[in-house]
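First up is the structure itself, then whatever we jot down about it.
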Amino acid sequence: DVKVTQSSRYLVKRTGEKVFLECVQDMDHENMFWYRQDPGLGLRLIYFSYDVKMKEKGDIPEGYSVSREKKERFSLILESASTNQTSMYLCASSYGTGSYGYTFGSGTRLTVV
Amino acid sequence: KQEVTQIPAALSVPEGENLVLNCSFTDSAIYNLQWFRQDPGKGLTSLLLIQSSQREQTSGRLNASLDKSSGRSTLYIAASQPGDSATYLCAVRGNYGQNFVFGPGTRLSVLP
């Protein structure tokens, strides 16, 4: 079974801190994605990556950056955490061709205080 | 821009009932459609993936259909069980994009 692992289930950080959310997949997927999920707003795409060292902005990239130095790992970085970044963060991966679906990680619930 | 809606937003049924969840999308130029289940505070679990050339997919008590021309998909759950209680999301991938667009979900409660 494909596994997408997010390093933390719960995180509490202070305003202004730099925060790293890590995602690792073990099935050699080309594509990786970061979403955030908020009540009433659904899932919104932050960033995605088609290949190592490549990244594309999603719908809400402001306040975030990403890093993909290795194929299996996609990191989301909050440069200076703010309270409005309190959310559930979900990582997904898929093969490069469009005929495959997403596999999601278990999510990271981030609280910024 | 693709928009995905799901009706109803919430549904409560007694155990054993058959039920249908609906998903609509505005742009019929899709590559495929995926149904997910999400338990509270957890990630999304893939249930079924339907390619644009397919009409339906089945897995156990679940059956998903796709009518691309009308912009609709349904998820049919047979003989519902309390363990089916969760939020069900559909997502569509367009012909020219690698990322899925998600609906808001239907929150299902199956009462014992």
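Protein chains in written order, with this note's numbering: chain A, 1 to 113; chain B, 1001 to 1112.
Just so you know, even glycine gets a beta-carbon here, dropped at the ideal spot from N, CA and C.
Spatial distance of Phe74/A from Arg1072/B (CA atoms): 33 Å
Inter-residue Cα distance where the pair is Ser65/A and Cys1023/B: 32 Å
Selected residue, minimal CA-CA separation from Leu1019/B, among Ala1064/B, Phe1102/B, Ala1091/B and Ser1052/B: Ala1064/B
Chain A contact for Arg1093/B (CB, 8 Å cutoff): yes
Contact set between Lys1068/B and chain A, taken where Cβ atoms lie within less than 9 Å: Those do not exist, as Lys1068/B stays about 15 Å from chain A at its closest Cβ, beyond 9 Å.
Status (buried if at least 16 other CB within 10 Å, exposed otherwise) for Ser126/A: Residue 126/A lies beyond the range of chain A shown here (1 to 113); nothing can be said about it.
Rounded C-alpha distance that separates Ser7/A from Tyr89/A: 11 Å
Tyr1088/B versus Ser1046/B - alpha carbon distance: 10 Å
Chain B contact for Arg36/A (CB, 8 Å cutoff): no
Unbroken stretches of the alpha helix (DSSP H), 4 residues or longer, contained in the region 44 to 90 of chain A: none
Span of the beta strand (DSSP E), counted from its first residue to its last, around Asn1063/B: Leu1062 to Asp1067
Asp38/A - DSSP class collapsed to helix/strand/coil: strand
Contact list for the region 1020 to 1046 of chain B against chain A, Cβ threshold 8 Å: Tyr1031, Asn1032, Gln1034, Phe1036, Gly1041, Lys1042, Gly1043, Leu1044, Thr1045 and Ser1046
Whether Trp45/A touches Gln85/A by CB criterion (8 Å): As written in the sequence, residue 45/A is Leu, which differs from the Trp given in the question. Result no, Cβ atoms of Leu45/A and Gln85/A do not sit closer than 8 Å.
Which of helix, strand or coil DSSP assigns to Pro1014/B: strand
Selection of the region 1 to 16 of chain A by Cβ proximity to chain B, strictly under 7 Å: none
Buried versus exposed, by CB contacts within 10 Å (16 or more), Ser200/A: A query on residue 200/A cannot be resolved here, the shown segment of chain A reaching from 1 to 113 and no further.
Reduced DSSP secondary structure (H/G/I, E/B, other) of Gly1041/B: coil
Buried or exposed (CB count within 10 angstroms, at least 16 for buried), Asn1095/B: exposed
Within chain A, partners of Gln1051/B - CB distance below 7 Å: Ser99
Distance, Thr1106/B Cα to Gln1051/B Cα: 22 Å
Residues within the region 65 to 96 of chain A neighbouring chain B, beta-carbon criterion of under 7 Å: Leu90
Bridge partners - Ser1073/B, DSSP secondary structure assignment: Cys1023/B and Leu1066/B
Under 9 Å by beta carbon: chain A residues contacting Pro1008/B: Residues of chain A passing the Cβ test: none, with the nearest at roughly 15 Å.
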